[in-house]
Structure formats: C-alpha cells, structure tokens
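J.:
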Amino acid sequence: MEATVGATSTFFFMPNDTNRPHFTDNSYIYTDEVVFDGHASTVGEMMRDIHERGWEVGLHPTWNTVDDARELRDQKRQAESVIGAPIESVRHHYLHYDLSRTPTVQSAAGFRYDSTLGFNGNVGFRFGTSRPWHLYDWEAKQQSDIIEVPLIAQDVALFRPGTGLGLDRDTAVEYLKLLARRVKRVGGVLTLSWHPSYIRNDDWRETYETILAHLDDEGAWFGTVAEIGDWWENIH
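Just so we're aligned: 133 in the numbering used here is position 133 of the sequence shown, and the numbers increase by one with no gaps anywhere.
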C-alpha cells in the first residue's frame, strides 16, 4: 500500500526474548512461521526482507525497558543481529514511557530517534506540537541526543470503542484530514501508527489506504522515523 504512493515507513518489532517479561509483551519469536507477501517465511526472514526493500526496522521494546538500559540494549542487539544492520528508532510497547528516565536509557542503549510520545486512546498533539524536538535528559540536566518524532494518531485510538474513540471509517478519515491540515500549516510531521495484525479489518485498512492517497495528493513527503529525525537534525 505504501509503495503505491512512493512511501516507506518504520516497522517496529519486539525482541526475541526478554529477561524481564510482562504480561502485555508479545509472544512471537523470530523463528515463528508466517506468510509474508504471499510466501512462507519466518518472522526474522520477514524483518530482513522489509529492511532490504528500503523500509526501516525499529525496536518495539518490552514493557519493562523504560528504566533499564542493559535490557533495552540487549533487545536492540537481538533485532540488529537479525537484519544485519544498526537500529536507530524505538517506540515503546503500549507507549509505556517515563520522561524522567527513558531518554537517558534510550541514549545509553544507542538509539537516536524515539516515536513513543502520543495517545493510546485519543489522537492529536499530546505535547502541543507536531514538530520533532530533542528530549531532555533529567539525569544529566541537559538536552538529550534523542530526537522525538511525536506520534499523532494510531488505528486503535481511532477505532476501538471504550479504550479509544470508536469512530467509523468515514469519520476517522475526516479526522485524519483535519489533523493533516493543521500539521501542513506549521510544517510538522503527521506520524501515523497502524498495526499490521489488524490489516484484515476492512475499515482499518481502507482508512489507511485513503489517507495515504490523500497525503500524496497534498504533496506530503513520506519518510521513516530515522529519515525524518535525520532531516530534522540537519536543518537545526
């Protein structure tokens, strides 16, 4: 779908295992068998294929990594060993994050870009902006080297009733178009998060297809989290 508009994005994968498990962590491992692009594959082979096609593979670390640099670094290395390349971008599981600790931990683990700071049950500008910014290292009392590419909208927040907004497809599309207009006005970033496990849902899939086409018509530049973070760093 993204290739039809010349877009690439970031796919965040969880690690193969963790020393500090939590009941919300995903249960797949890199040797599990899946079907990817119509072919039998393992999760690890799928990750390498995604990387080799020009999409970014990022880390979706487990719940208990927000204050544990050693565990976060280990999980990063697990994913890097599979794709054979450095991983620069991270989005924490369930958006679980500690502003006073996590930027320090991410930096110690070797990340450059984060895209966690957004809403689980709503959409919009949680920190009042759609522009990237440098996080703050509260332990060092100085600007962090981690660049935040803020999360603006995710599928579960748009569609899920109860814990989300429970919107229908047409309303979700109009809401995303409204957000896109506001982002375009200030030259910001419209970061969207869509879970591949829900792609079989017609409304969720068609909303993503529709907004991709709309953004393409509006002249949007599509990029991975690392590409956007690198661009932002270079112009500032």
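Virtual Cβ for every residue (Gly too), placed ideally from N, Cα, C.
So what does DSSP say about threonine 39, is it helix, strand or coil?
T.: Looking up residue 39 in the sequence shown gives position 39. According to the sequence provided, residue 39 is histidine. The question's threonine does not apply to it. The answer is strand: DSSP assigns histidine 39 an E or B state.
J.: Between which two residues does the beta strand (DSSP E) containing valine 57 stretch?
T.: For this step, residue 57 is matched to residue 57 along the sequence shown. Looking at the DSSP string, the run of the beta strand (DSSP E) that includes valine 57 is 56–59.
J.: Using the rule of at least 16 other Cβ atoms within 10 Å of the residue's Cβ for burial, across every protein chain shown, is arginine 112 buried or exposed?
T.: Locating residue 112 in the sequence shown gives position 112, counting from the first residue. With 16 or more other Cβ atoms within 10 Å, it is buried.
J.: Any contact of the stretch 108–124 with the stretch 148–160, i.e. 3+ C-beta pairs under 8 Å?
T.: Yes, since at least three Cβ pairs between the stretch 108–124 and the stretch 148–160 fall closer than 8 Å, the two stretches touch.
J.: For the stretch 137–145 and the stretch 216–228, state whether three or more C-beta atom pairs, one from each stretch, are separated by less than 8 Å.
T.: Flag = no, the stretch 137–145 and the stretch 216–228 do not touch.
J.: Would you say the stretch 101–118 touches the stretch 167–176, given that touching needs at least three Cβ pairs under 8 Å?
T.: Result no; under three Cβ-Cβ pairs closer than 8 Å.
J.: Any chance the CB of methionine 1 is under 7 Å from a heavy atom of the ligand SAM?
T.: Absent from the structure shown: the ligand SAM. Ligands present: none.
J.: What did DSSP end up calling leucine 95 once you bin it into helix, strand or coil?
T.: Counting from one through the sequence shown, the residue named residue 95 turns up at place 95. Helix at leucine 95.
J.: My understanding is that proline 103 touches serine 130, with C-beta atoms under 8 Å, so please give their C-beta distance in whole angstroms.
T.: As a working note, residue 103 is residue 103 in the sequence shown. As a working note, residue 130 is residue 130 in the sequence shown. Proline 103 to serine 130, Cβ: 20 Å. No contact.
J.: Name the residue from Val35, Thr4, Glu227 whose alpha carbon lies nearest to the alpha carbon of proline 196.
T.: As a first step, residue 196 is located in the sequence shown; it is residue number 196 there, counting from the start. Nearest of Val35, Thr4, Glu227 to proline 196, Cα basis: Val35.
J.: Use the C-beta contact count for arginine 91: other C-beta atoms within 10 angstroms, 16 or more gives buried, fewer gives exposed.
T.: Counted from its first residue, the sequence shown places residue 91 at position 91. It counts as buried.
J.: So the candidates are Thr31, Asp49, Tyr28, Tyr30; which of them puts its Cα closest to the Cα of glycine 237?
T.: The structure shown does not extend to residue 237, since the chain spans only 1 to 236, so no value can be given for it.
J.: Taking the alpha-carbon of alanine 79 as reference, which of Glu45, Leu135, Ala69 has the nearest alpha-carbon?
T.: Working through the sequence shown from its first residue, we reach residue 79 at position 79. Of the listed residues, the one whose Cα sits closest to alanine 79 is Glu45.
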